[in-house]
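A short write-up of the structure that comes next.
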Amino acid sequence: MDDDSDWVVVKDFTMSVRFVQISPVVHPTDWSLIRVPLHREEGIYTVYVGDNYTRTYTDETLPDLIKMRLAMILASHQYVVRDVELLKAELYVNHGPVDLHDIGWQASDSYFCLVIPKKDLEEMKGDTRSES
1 MDDDSDWVVV KDFTMSVRFV QISPVVHPTD WSLIRVPLHR EEGIYTVYVG DNYTRTYTDE
61 TLPDLIKMRL AMILASHQYV VRDVELLKAE LYVNHGPVDL HDIGWQASDS YFCLVIPKKD
121 LEEMKGDTRS ES
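The sequence shown begins at 1 in the working numbering and counts up by one.
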């Protein structure tokens with residue numbers, strides 16, 4: 001094998017990893033907030049809005065609520081692990097600034113966990129019914 005083919009193997013190994021099944025979870029201290037996984041890759045945003053249910057957005061179609069949270073998260077310049085090192089359970093844990101606890105955080109190179117009000121998540125899912 002020459003050096004070029006060795007590089008391709010290394011490059012393929014470090015590419016973004018996608019979890020098979022992730023979904024939103026309720027915030028541990030405020031049940032009106034939901035921790036929602038988001039995967040960002042090359043201008044495409046996949047938001048995991050339910051079990052086996054995602055919404056895909058581009059930079060242009062991303063809802064303002066998500067744009068605002070991502071801007072605050074990215075401005076914090078927190079250390080993140082590589083995608084291949086991220087454990088599913090760690091996606092939902094804020095290892096960054098405490099100020100982001102109710103906003104969201106970056107868990108790895110391409111995975112984020114956004115904290116979104118339940119009513120906004122329901123709208124993203126397309127369910128506009130209100131709960132009593």
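Where is the CB? At the ideal position from N, CA and C, for every residue including glycine.
Note that the structure is a prediction, hence the values are computed from the model and not measured.
Exercise for the section: Would you tell me roughly how many angstroms separate the C-alpha atoms of residue 60 and residue 44, rounded to the nearest one? Expected result: Residue 60 sits at position 60 when you count from the first residue of the sequence shown. Residue 44 sits at position 44 when you count from the first residue of the sequence shown. Taken atom to atom, the span from the alpha-carbon of residue 60 to that of residue 44 is near 10 Å.
Handout entry: Cβ distance (whole Å) where residue 144 is taken to contact residue 107 below 8 Å
Key = What is shown of the chain runs 1 to 132, which leaves residue 144 out entirely.
Handout entry: Helix, strand or coil at residue 69 according to DSSP, with G and I counted as helix
Key = Taking the sequence shown and counting its residues from 1, one reaches residue 69 at position 69. Residue state for residue 69 is assigned as helix, using DSSP reduced to three classes.
Problem - DSSP-derived helix/strand/coil call for residue 91 - result: As a first step, residue 91 is located in the sequence shown; it is residue number 91 there, counting from the start. It is helical.
Practice task
Report the rounded CA-to-CA distance for residue 39 versus residue 57, giving the unit in angstroms.
Solution key: Numbered from its first residue, the sequence shown carries residue 39 at position 39. Numbered from its first residue, the sequence shown carries residue 57 at position 57. Those two C-alpha atoms are separated by around 10 Å.
Problem - Inter-residue spacing [alpha-carbon to alpha-carbon] between residue 62 and residue 124 - result: Locating residue 62 in the sequence shown gives position 62, where the first residue counts as 1. Locating residue 124 in the sequence shown gives position 124, where the first residue counts as 1. Looking at the two C-alpha atoms, the distance is approximately 11 Å.
Handout entry: Exposed unless 16 or more other CB atoms sit within 10 angstroms - verdict on residue 10
Key = Residue numbering aside, residue 10 sits at position 10 when the sequence shown is read from its first letter. Per-residue confidence for residue 10 stands at a pLDDT of 32, beneath the threshold of 50, marking its modelled position as unreliable; the derived number appears in the next sentence. So residue 10 counts as exposed.
Exercise for the section: State buried or exposed for residue 138, treating a residue as buried only when at least 16 other CB atoms are found within 10 Å of its CB. Expected result: Shown here, the chain extends from 1 to 132; a query on residue 138 therefore has no answer.
Exercise for the section: Inspect the CB distances between the region 19-39 and the region 112-124 and report whether three or more fall short of 8 Å. Expected result: yes
Handout entry: Residue from 21, 41, 72, 49 whose Cα sits closest to the Cα of residue 105
Key = The residue labelled residue 105 in the question sits at position 105 within the sequence shown. When each option's Cα is compared against that of residue 105, the closest is 72.
Handout entry: C-alpha distance - residue 81 paired with residue 103, whole-angstrom precision
Key = To locate residue 81, count along the sequence shown from 1; it is residue 81. To locate residue 103, count along the sequence shown from 1; it is residue 103. About 19 Å.
Exercise for the section: With DSSP as the reference, label residue 123 as helix, strand or coil. Expected result: By 1-based counting over the sequence shown, the position of residue 123 is 123. Here residue 123 sits in helix by DSSP.
Handout entry: Other residues of its chain near residue 92: CB distance less than 7 Å, five sequence neighbours each side excluded
Key = In the sequence shown, the residue the question calls residue 92 occupies position 92. Same-chain partners within the cutoff: 25, 35, 113.
Exercise for the section: Below 8 Å on the Cβ atoms is my guess for residue 32 versus residue 88; work out the distance and round it to an integer in Å. Expected result: Numbered from its first residue, the sequence shown carries residue 32 at position 32. Numbered from its first residue, the sequence shown carries residue 88 at position 88. Wrong, their Cβ atoms sit about 24 Å apart, outside the cutoff.
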